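A.B. asks: Once you've had a glance at the structure underneath, I'll fire off some questions.
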Amino acid sequence: MRRLKHSGIYWCLNCNVPLLDSECEICRVKGEFVPLSRPVDPKPAFRFDLNLLHQTISQEFGVDAANFLLKNVEVAVFNRVPYLDKGYEVLVDGRILGHLFFDFPRLYWRFKPLREGCSRLWVKKLGFWVVVNNGFVAKNQILGELDFLEKNLPEKEGGYVFLVSKKDEVLGVGELTDKGKVYVLRVWKPEQPRFLNFKASWNQVVKANFSKLKTDISKACKFIGDISSRLKLPVFVSYSGGKDSLTTLYLTVKASCKTKILFNDTGLELPETLENADWVASKFGVEILKVKAEEAFWIHLKDFGPPTRENRWCSKVCKLKPTAKFLDEKIGENKILCFVGQRKAESFRRAGSRKIWVNKFLPKIVASSPINDWSMLQVWLCLMMERLDGYVNKLYFEGFDRIGCFMCPSMEMADLLVVKKRYPILWERWEKELENWILNKNLPRQWIDYGLWRWKNPPKRILDKIGG
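For the sequence shown, our numbering gives the first residue as 740, with consecutive numbering after it.
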């Protein structure tokens, strides 16, 4: 498995802001290093995200707990963490408060407090807890009535319970079993909770990282200028309607490269994405060339079945083939230089990706990513600093992490259910095709309800959860 270079971020405790480098540019004090789960790719928690977090904590532990945990929180950071479905580490005040995750197969959001979250809740005796009569608890231990000195247990099985010693120290977190016992999930060295009781803002985050951002932008522009001058090919920017390709477009224009936008309309794009592509091209004053797949996906779906993570035939049918045909018609025998918004921190699969490459299916395109080494936080801070956040696809501020085809097999169930609710007509067409497919294959309804169509052979851990 490829390893990424960094394993966390820094946080300035004076200014209460995340840092791209070790030193805060506001107070000139070195930040505290915060280890994060790999692949490390933190992002700002927007208002939608904070509202979801507040709502989820309220459902799990009560409104008072949510209000207390998130008091004065304006700047928080989410980092993806492995779960069966979507999951985030939640960073507040430079510590991991807990995990916000989409529970599979229950199909709703939950919040699991970790050391900082449990320690904060215990200050006000909020949430659910047990005081144990032994000062030592171990992971995977099962605690029963004889182990409890005091208790305040949740009503439902699976509810989270933090474990407290007789010395008033929070030792770990467990969950309630069906027999009224507590199964220990995690244990840790006790630590006092941290309350940085002052609000920061994302404007302050930009100021704290200003020189670093300017340097990164300058390096990216120089890279674009150097490769453009060296190759002397027509320049394009592959624009998807997403934040990374928007940043790449901005950098290419800033580098004074005469460029055009290449937009791939797969026929599966969300309406906001189509609107954003035209709007951004207009605002930048750049010509947009559209590669259209039309109904190609729906035609081939009847022969191939739903695309899966193992076999994404949709990419060839909706992207590669239409693009190759477009280049043959518009470019002829020539080659082009195409800047793309690809980042190696996005996934382990891309961790070893290069900054310049040629796709074997599109040999006429020399592709290059000037932001290959950037984190998601860098991208967002760049957009904020350059006042481009108003150019961003609004779906990012309404719960979407990625922009692309509305039913990509790489998506999590949390995202697919958002699409289903928000675009019922679009989803109805897709679900009818899935219903025909499972009928022909004699498969249970679970293949639709739990998104099992996303795999050729669904993982055992997924099937075990739904009793498949």
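The beta-carbon is built from N, C-alpha and C at its ideal position, and this holds for glycine as well.
Keep in mind it's a predicted model, so treat the numbers as computed, not measured.
(1) Quick check on Asp1203: does DSSP put it in helix, strand or coil?
(2) Output the boundary residues of the alpha helix (DSSP H) element that contains Lys961.
(3) Per DSSP, what kind of secondary structure is Asp1004 in: helix, strand or coil?
(4) Tell me Asp842's beta-bridge partners as DSSP assigns them.
(5) Under the rule that 16 or more other beta-carbon atoms within 10 Å means buried, what is Gln931, buried or exposed?
(6) For Lys1160 and Leu1127, I'd like the C-alpha separation in whole angstroms.
(7) Three-state secondary structure (DSSP) at Lys1029?
(8) Between the Cα of Asn806 and those of Phe817, Leu792, Ala815 and Asn818, spot the shortest distance and give me the residue it belongs to.
(9) Terminal residues of the continuous beta strand (DSSP E) containing Leu1076?
(10) How should Thr986 be labelled, buried or exposed, when 16 other C-beta atoms within 10 angstroms of its C-beta is the threshold for buried?
(11) Do the region 832 to 849 and the region 1163 to 1178 meet, that is, are 3 or more Cβ pairs less than 8 angstroms apart?
(12) Under 6 angstroms Cβ to Cβ from Trp1119, same chain only, skipping five residues before and after it: list those, please.
(13) Among the residues of its own chain, which have a CB less than 7 angstroms from the CB of Arg1193, if the five just before and after it don't count?
(14) Assign Ala937 to one of two classes, buried (16 or more other C-beta atoms within 10 Å of its C-beta) or exposed (fewer than that).
(15) Classify Leu888: buried if its beta carbon has 16 or more other beta carbons within 10 angstroms, exposed otherwise.
(16) Apart from the five residues on each side of it in sequence, which residues of its chain come closer than 8 angstroms, Cβ to Cβ, to Arg786?
(17) Do you know offhand how far Gly981's Cα is from Ala804's?
(18) Leaving out five residues on either side along the sequence, give the residues of the same chain with a beta carbon under 6 angstroms from the beta carbon of Pro1061.
(19) Could you tell me which uninterrupted beta strand (DSSP E) segments, each at least 3 residues in length, are contained entirely in the region 765 to 849, listed from first to last along the chain?
(20) Measure how close the beta-carbons of Ala1020 and Cys751 come, nearest whole angstrom, since I'm counting them as under 8 angstroms.
(21) Which residues in the same chain as Asp917 place their Cβ atom closer than 8 angstroms to its Cβ, once the five residues preceding and following it in sequence are excluded?
(22) Within 10 angstroms of the Cβ of Arg742, are there 16 or more other Cβ atoms? Answer buried if so, exposed if not.
C.D. replies: Taking the structure as given:
(1) Along the sequence shown, one-based indexing puts residue 1203 at 464. The answer is helix: DSSP assigns Asp1203 an H, G or I state.
(2) As a first step, residue 961 is located in the sequence shown; it is residue number 222 there, counting from the start. In the DSSP assignment, Lys961 falls within the unbroken alpha helix (DSSP H) covering Phe949 to Leu970.
(3) Taking the first residue of the sequence shown as 1, we reach residue 1004 at position 265. Strand.
(4) As a working mapping, residue 842 is identified with position 103 in the sequence shown. Answer is Tyr847.
(5) One-based indexing of the sequence shown puts residue 931 at position 192. Around the beta carbon of Gln931, a 10 Å sphere encloses fewer than 16 other beta carbons of the protein chains shown; the residue is thus reported as exposed.
(6) Here residue 1160 is taken as the residue at index 421 of the sequence shown, counted from 1. Here residue 1127 is taken as the residue at index 388 of the sequence shown, counted from 1. Those two C-alpha atoms are separated by around 29 angstroms.
(7) Reading the sequence shown from its first residue, position 290 is the one you call residue 1029. The answer is strand: DSSP assigns Lys1029 an E or B state.
(8) The residue given as residue 806 occupies position 67 in the sequence shown. When only C-alpha atoms are compared, the closest one is Leu792.
(9) One-based indexing of the sequence shown puts residue 1076 at position 337. Residues Ile1075 to Phe1078.
(10) Position 247 of the sequence shown, counted from the start, is the residue given in the question as residue 986. Thr986 is buried by the Cβ-count criterion.
(11) The region 832 to 849 vs the region 1163 to 1178: no contact.
(12) On the sequence shown, position 380 is the one that residue 1119 refers to. The answer, listed in chain order, is Pro783.
(13) To locate residue 1193, count along the sequence shown from 1; it is residue 454. Around Arg1193: Thr1047, Arg1048 and Pro1148.
(14) Residue 937 sits at position 198 when you count from the first residue of the sequence shown. This sequence places Phe at residue 937; Ala is not what is there. Flag for Phe937 reads exposed.
(15) Residue mapping note: residue 888 aligns to position 149 of the sequence shown, counting from 1. Leu888 should be labelled exposed.
(16) Along the sequence shown, read from residue 1 onward, the residue named residue 786 stands at position 47. Excluding positions up to five away in sequence, the list reads Phe1136.
(17) Position 242 of the sequence shown holds residue 981. Position 65 of the sequence shown holds residue 804. Their backbone Cα atoms lie some 35 angstroms apart in a straight line.
(18) By 1-based counting over the sequence shown, the position of residue 1061 is 322. Taken in chain order, the residues that qualify are Val1030 and Ala1032.
(19) 771 to 774, 816 to 819, 826 to 831 and 834 to 842
(20) Residue 1020 sits at position 281 when you count from the first residue of the sequence shown. Residue 751 sits at position 12 when you count from the first residue of the sequence shown. Not confirmed; about 38 angstroms, so no contact.
(21) Position 178 of the sequence shown holds residue 917. Excluding positions up to five away in sequence, the list reads Glu896.
(22) By one-based count along the sequence shown, residue 742 stands at place 3. Low local confidence applies: a pLDDT of 39 at Arg742 is under 50, so the model's placement there is unreliable, with the coordinate-based value given in what follows. Exposed, because fewer than 16 other Cβ atoms sit within 10 Å of the Cβ of Arg742.
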